[in-house]
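The structure under discussion appears below in the form of structure tokens.
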Amino acid sequence: MSSTNENFPEIRAAVAKLCSQFPGEYWRALDDTATYPTEFVRALTEAGFLSVLIPEEYGGAGLPIAAGCAVLEEIQRSGCNGSACHAQMYTMGTLLKHGNEDQKRRYLPGIAAGELRLQAFGVTEPTSGTDTTRIRTRAVRDGDDYVINGQKVFISRTQHSDLMVLLVRTTPYEEVKKPSDGMSVFLVDMREAVGNGLTIKPIKTMINHSTTELFFDNLRVPAANRIGEEGKGFKYILDGMNAERILIASECIGDARFFIERASDYARERIVFGRPIGQNQGIQFPIARAYAETEAAALMVLNAARLFDEGKPCGSEANMCKMVASEAAWHAADTCLQTHGGFGYTQEYDIERKFRETRLYQTAPISTNLILSHIAIHELDLPKSF
Ligand SMILES: Cc1cc2nc3c(=O)[nH]c(=O)nc-3n(C[C@H](O)[C@H](O)[C@H](O)COP(=O)(O)OP(=O)(O)OC[C@H]3O[C@@H](n4cnc5c(N)ncnc54)[C@H](O)[C@@H]3O)c2cc1C
Numbered sequence: 004m005s006s007t008n009e010n011f012p013e014i015r016a017a018v019a020k021l022c023s024q025f026p027g028e029y030w031r032a033l034d035d036t037a038t039y040p041t042e043f044v045r046a047l048t049e050a051g052f053l054s055v056l057i058p059e060e061y062g063g064a065g066l067p068i069a070a071g072c073a074v075l076e077e078i079q080r081s082g083c084n085g086s087a088c089h090a091q092m093y094t095m096g097t098l099l100k101h102g103n104e105d106q107k108r109r110y111l112p113g114i115a116a117g118e119l120r121l122q123a124f125g126v127t128e129p130t131s132g133t134d135t136t137r138i139r140t141r142a143v144r145d146g147d148d149y150v151i152n153g154q155k156v157f158i159s160r161t162q163h164s165d166l167m168v169l170l171v172r173t174t175p176y177e178e179v180k181k182p183s184d185g186m187s188v189f190l191v192d193m194r195e196a197v198g199n200g201l202t203i204k205p206i207k208t209m210i211n212h213s214t215t216e217l218f219f220d221n222l223r224v225p226a227a228n229r230i231g232e233e234g235k236g237f238k239y240i241l242d243g244m245n246a247e248r249i250l251i252a253s254e255c256i257g258d259a260r261f262f263i264e265r266a267s268d269y270a271r272e273r274i275v276f277g278r279p280i281g282q283n284q285g286i287q288f289p290i291a292r293a294y295a296e297t298e299a300a301a302l303m304v305l306n307a308a309r310l311f312d313e314g315k316p317c318g319s320e321a322n323m324c325k326m327v328a329s330e331a332a333w334h335a336a337d338t339c340l341q342t343h344g345g346f347g348y349t350q351e352y353d354i355e356r357k358f359r360e361t362r363l364y365q366t367a368p369i370s371t372n373l374i375l376s377h378i379a380i381h382e383l384d385l386p387k388s389f
């Protein structure tokens, strides 16, 4: 099966080889016990795949975001799940772009070497929903520290991370001119925070995603850990969100290719009524459609990654590629499940697990409606509905 966007062939081949050591049995066992894929993440870290975007001067490979996309796409295409560690690639960008030299020297080499895990990104809150400017978790300056109080929800991998990029309000919503003003970003050292003002509570979900609720009760964070200027945090987070959307779109492309390959293989082999089911156009056409949608989405990911790497504005492109890629993956997932008949529902085929996992990307990190709203407002000049 030829595919668009087969760039970085050496990286792809190496990632696929590593992933072959983590077959379906490995993921199924973790799923059954809701366990984090520690060995898998360690293997990726040791092979240097999670630090491809960190500049060479800080110990990384200094490659463009398109290389990170190739890594994550191949992980998903192999049937593995990069959501256990993808955050390292995009949260690192907030530190790299907006952190001061001292912060970069203090953390980036450790992250590149795999000694420090930066896997957690804390934005969502129970009462604000998608309207990020309404977050209420508050940091108040007290001498050389800030004191943080509030609550976050659905913050993933916090129990498997040494550091967390955290968005809070430093000025209440009611006191700012623009809703996006008055928010600040902190790098929280989880090793010091847990038990000293930060409590983590795991949330059970339909997928094995290690997501949690966070309770902040007078957590002290050194002012030296504030990234960039106080009150300008929303802008820094938006930059990181473009990277997040492009990288997650690549994961969706990988998922879609996993489903299309599995569906085509099964459709060629499964004999019903004396012929391969794939000979029936009712089976062929949905797979062919999923393939076409995936190829189109892959081109949009490539375009968004190019703009990002050139330092050009890419908010709409990042959003749109994530939307079309997540939809292509979902259509491919549905088609793959249908192609497998009853066997698709059995755990041993890994289709039902991947089906559940890929559904997430229509809701997180941003839901499809919010992307459509972004396109309507920013590309079509239509009035904002909220
Ligand atoms: C497994 C998992 C892991 C996650 N990991 C993280 C993480 O690590 N860090 C983090 O910060 N967050 C994380 N999230 C949160 C995720 O980003 C949010 O769930 C997502 O952005 C949607 O926000 P919400 O759940 O508050 O939905 P809501 O904002 O309550 O929205 C509910 C529904 O209403 C729709 N809606 C809302 N407003 C409008 C409107 N004006 N017009 C049309 N439709 C609208 C939305 O599209 C959505 O479908 C995670 C979520 C999950 C499920």
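First residue of the sequence shown: 4, per my numbering; consecutive thereafter. Every residue gets a Cβ at the ideal spot worked out from N, C-alpha and C, and that includes glycine.
Which residues does DSSP pair with Y149 in a beta bridge?
DSSP lists R144, V224 as partners of Y149.
With a threshold of 6 Å on Cβ separation, who are the neighbours of E254 within its own chain once the five nearest residues in sequence on each side are excluded?
Answer for E254: L75, Q79, G85, listed in chain order.
Could you tell me whether any non-hydrogen atom of ligand 1 is closer than 7 Å to the CB of P386?
No - ligand 1 has no heavy atom lying nearer than 7 Å to the Cβ of P386.
May I ask you to report which of helix, strand or coil DSSP gives M186?
The answer is strand: DSSP assigns M186 an E or B state.
Can you tell me where the alpha helix (DSSP H) holding F261 begins and where it ends?
Counting along the chain, the alpha helix (DSSP H) containing F261 begins and ends at 236 to 272.
Can you tell me which of the three DSSP states A367 falls into?
It is coil, neither helix nor strand.
State the start and end residues of the unbroken alpha helix (DSSP H) segment that holds I78.
First-last of the alpha helix (DSSP H) with I78: 68 to 80.
Taking only three categories from DSSP, how would you classify S159?
The answer is strand: DSSP assigns S159 an E or B state.
Name the DSSP beta bridge partners of V197, please?
V197 pairs with L201.
For V126, which of E104, S329, M244, L33 has the nearest alpha-carbon?
The shortest Cα separation from V126 among E104, S329, M244, L33 belongs to M244.
Following the continuous alpha helix (DSSP H) through G96, name the residue where it begins and the one where it ends.
90 to 101 is the extent of the alpha helix (DSSP H) around G96.
Could you give the C-beta distance for L111 and G62, rounded to a whole number, given that I count them as a contact under 8 Å?
Indeed, because the Cβ distance is near 7 Å, the residues count as touching under 8 Å.
Under the rule that 16 or more other beta-carbon atoms within 10 Å means buried, what is E13, buried or exposed?
Looking at its Cβ environment, which holds fewer than 16 other Cβ atoms inside 10 Å, E13 is exposed.
Hey, quick one: how far does the beta strand (DSSP E) through F124 stretch, first residue to last?
Unbroken beta strand (DSSP E) run through F124: 121 to 125.
Cα separation between K325 and F276?
When rounded, the distance between both Cα atoms is 40 Å.
Taking V171 as part of the beta strand (DSSP E), name the residues at either end of that continuous run.
Residues 166 to 172.
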